[in-house]
Structures are given as structure tokens and as C-alpha cells.
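Here's the structure, in C-alpha cells; my notes come after.
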């Protein structure tokens, strides 16, 4: 096992470059962020997208979930279905408190 003081050139010859090595070099070049001057209060002025390292942020085109129609009639229908479901759940309970606590008469008020 080589010690710290030993110099072994054979160990260095087995080093294989990584695809990320170039990205690390690019990131080291921009260690000092670019600023667009200074504000009147002495803070650095931000320059949008000036400090990005090429290739580090991948473009993401996937959507977070299914797209739902935002047409007024569609939204109204979904809210109506939600309201019906809440009413059915309350009616199925038949006024019996669940879990040992009672909400009182105000929980059925329409707002």
C-alpha cells in the first residue's frame, strides 16, 4: 500500500477521465459570479442566466401531471361533484360522530 510520501506514477496512469471532468473545469472558471454592477444600497445587481455553466441543467419537457381543463363549465362541474361527495359523506355518517369527537351543528352550515 503506497504511503503519502511515495510517488507512484503507475497509480496515476490508471486514472480514467470522466465525462464530468470538463463540467468541473467549466464550473471552476465561473467561481467568481458575474454581476451587473451594484445597486444604490451596495448589493450586487443580478444578471439573469449570466452564471450558468453550459450542460449542467438539462431541459425538462415532462409535465408534472395530467392537464385538466380549466374551462369555466368544467371547473364548475368538478366543484359541484366535490360538493355532492361531501354531502353524501356527511349523510352516510348519519350524524354519528367518528373518532370520539363531535363537531357540533356548525359543521353542516353552508358558506
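Residue numbers (the numbering used here): 1426 to 1536. Every residue, glycine too, gets a C-beta built ideally from N, C-alpha and C.
Which residues does DSSP pair with residue i in a beta bridge?
i	result
residue 1463	1469
Got a sec, what are the start and stop residues for the alpha helix (DSSP H) residue i sits in?
i	result
residue 1517	1497-1518
residue 1448	1446-1454
Nearest to residue i by alpha carbon, out of the options?
i	options	result
residue 1463	1456, 1471 and 1457	1471
residue 1469	1475, 1444 and 1460	1460
So is residue i in contact with chain D if we call contact Cβ pairs under 8 Å?
i	result
residue 1494	You won't find chain D in this structure, because it holds only one protein chain.
Residues in the same chain with beta-carbon distance under 7 Å from residue i, minus the five sequence neighbours each way, listed in chain order, please.
i	result
residue 1445	none
residue 1450	none
Which same chain residues, not among the five before or five after residue i, have their C-beta less than 8 Å away from its C-beta?
i	result
residue 1453	none
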